[in-house]
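**Student:** For the sequence shown, the residue numbers in mature numbering (1 follows the signal peptide of the UniProt record, and there is no 0) are -21 to -1, 1 to 252. Ideal Cβ positions, reconstructed from N, Cα and C, are used throughout, including at glycine. Please read through the structure below; I'll follow up with questions.
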Amino acid sequence: MAKPLYLCGLTAALLLAGCQAVNTTSGGAVGVERQQYMFSMLSSQEVNQMYAQSYQQTLGEAASKGVLDRNSGNARRLRAITDRLIAKAPIFRPDAAQWQWEVNLIKSDELNANCGPGGKIIFYSGLMDRLQLTDDEIAAIMGHEMAHALREHSREAMSKAYGLGLAKQGAGALLGLGEGTMAIADAAVEYGMTLPNSRGNENEADLIGLELAARAGYNPNAAISLWQKMAQASNGAPPEFMSTHPSSSSRIASLQAAIPKVMPLYEQARTAR
């Protein structure tokens, strides 16, 4: 993972561009405290709006192909699990209570899921059908993906790409925001929306997702069985979900080390139900 000072570049161009130190979420019981660096010209609201448009386009395409599943038992099951997780999201950032969360199930053999900026979630039925996921395991996936959105990892990636592009172009570009600068901005958006997360961001999503699921009353041990199932499903060729969310023994070990921190939260939630 790039160092924060590298993200800001220590150049006049990046300083003029408005690099700001933020922490998008509280640390929680798992202690995710890393300070993030964002550019003020890439606001959360702007990124959320951009992704919302892309999300609606994806849903429209799925509906036209007859694969958007809104009414099946699995779709209702998915919404019920997600609703419980969404209710706990404000613990990490209060403004998440005002997000326009959405979750949709797409019928596909693909082993994949995603929660984009602003809480726009897509879940592929292949995960549920091929892996025979329990509710706890679904919550483990959903918590992980929601954590990426809560931490604004996409906007962070855009900020990094935008800053590096400006640094290469030179500080003079900031004085005249021409076509070159706009091309950098477009590339930054594509980078943040489409490329895999860094290993550091994946670890943050693992930890916050683990706590989010536990607070919602889902067994955190399911995160371990989930990744074991994903590994078994690979058969030497990692499924899409694992290609952008790398699984390893160190990842499972990190989750196992964090589970004792969130088990009391799970027990408390289970008792309260």
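Within a Cβ cutoff of 6 Å, which residues of the same chain sit near ALA184, ignoring the five residues on either side of it in sequence?
**Tutor:** Locating residue 184 in the sequence shown gives position 205, counting from the first residue. Same-chain partners within the cutoff: HIS123, ALA126, HIS127.
**Student:** Check the DSSP bridge columns for GLU81 and list the partner residues they point to.
**Tutor:** In the sequence shown, the residue the question calls residue 81 occupies position 102. DSSP lists LYS99 as partners of GLU81.
**Student:** Given a cut-off of 9 Å on the beta-carbon distance, is the pair LEU64 and ALA210 in contact?
**Tutor:** If you number the sequence shown from 1, residue 64 lands on position 85. If you number the sequence shown from 1, residue 210 lands on position 231. Taking 9 Å as the Cβ cut-off, LEU64 and ALA210 do not qualify as a contacting pair.
**Student:** Does the beta-carbon of LEU244 have 16 or more other beta-carbons within 10 angstroms, so that it is buried, or is it exposed?
**Tutor:** Working through the sequence shown from its first residue, we reach residue 244 at position 265. Buried, since its Cβ has 16 or more Cβ neighbours within 10 Å.
**Student:** Would a C-beta distance cut-off of 9 Å place GLY188 and MET107 closer than the cut-off?
**Tutor:** Here residue 188 is taken as the residue at index 209 of the sequence shown, counted from 1. Here residue 107 is taken as the residue at index 128 of the sequence shown, counted from 1. Not a contact, by the Cβ cut-off of 9 Å.
**Student:** So MET125 is in the beta strand (DSSP E); what residue range does that whole segment cover?
**Tutor:** For the purposes of this step, residue 125 is taken as the residue at position 146 of the sequence shown. Premise fails: MET125 lies in the alpha helix (DSSP H), 114 to 129, not in any beta strand (DSSP E).
**Student:** Specify the secondary structure class of GLY159 as computed by DSSP and reduced to three states.
**Tutor:** Taking the first residue of the sequence shown as 1, we reach residue 159 at position 180. Bear in mind that a pLDDT of 46 at GLY159, under 50, signals an unreliable position, so the model cannot answer this.
**Student:** Consult DSSP for GLN36 and reduce its assignment to one of helix, strand or coil.
**Tutor:** Walking along the sequence shown from the start, residue 36 turns up at place 57. Note: GLN36 maps to helix in three-state DSSP.
**Student:** Would you call MET20 buried or exposed, if buried means 16 or more other Cβ atoms sit within 10 Å of its Cβ?
**Tutor:** Position 41 of the sequence shown, counted from the first residue, corresponds to residue 20. That one is exposed.
**Student:** Using CA atoms only, rank isn't needed, just tell me which of ASN93, TYR197, ARG230, GLY97 is closest to ARG252.
**Tutor:** Start at 1 with the first residue of the sequence shown, and residue 252 comes out as number 273. The residue with the shortest Cα to Cα distance from ARG252 is TYR197.
**Student:** Got a sec, what are the start and stop residues for the alpha helix (DSSP H) VAL241 sits in?
**Tutor:** Working through the sequence shown from its first residue, we reach residue 241 at position 262. Run containing VAL241: 228 to 251, per the alpha helix (DSSP H) assignment.
**Student:** Which residues mark the beginning and the end of the alpha helix (DSSP H) in which MET209 is found?
**Tutor:** Numbered from its first residue, the sequence shown carries residue 209 at position 230. Taken as a continuous stretch (DSSP letters only), the alpha helix (DSSP H) holding MET209 covers 201 to 213.
**Student:** For a quick check, are the C-beta atoms of ILE100 and ASP48 less than 9 Å apart?
**Tutor:** Numbered from its first residue, the sequence shown carries residue 100 at position 121. Numbered from its first residue, the sequence shown carries residue 48 at position 69. No. Outside cutoff.
**Student:** Among all the DSSP beta bridges, which residues are the ones paired with ASN93?
**Tutor:** On the sequence shown, residue 93 is found 114 positions in, with the first residue counted as 1. ILE101, per the DSSP bridge assignment.
**Student:** If I measure Cβ to Cβ from LYS30 and keep anything under 8 Å in the same chain, skipping five residues before and after, which residues do I get?
**Tutor:** Your numbering for residue 30 matches position 51 in the sequence shown. Contrary to the premise, residue 30 reads as Tyr rather than Lys in this sequence. Answer for TYR30: GLY95, PRO96, GLY97, LYS99, SER133, MET172, listed in chain order.
**Student:** Please list the terminal residues of the continuous beta strand (DSSP E) segment that includes ALA68.
**Tutor:** If you number the sequence shown from 1, residue 68 lands on position 89. Where ALA68 is concerned, there is no enclosing beta strand (DSSP E), given that its DSSP letter is neither H nor E.
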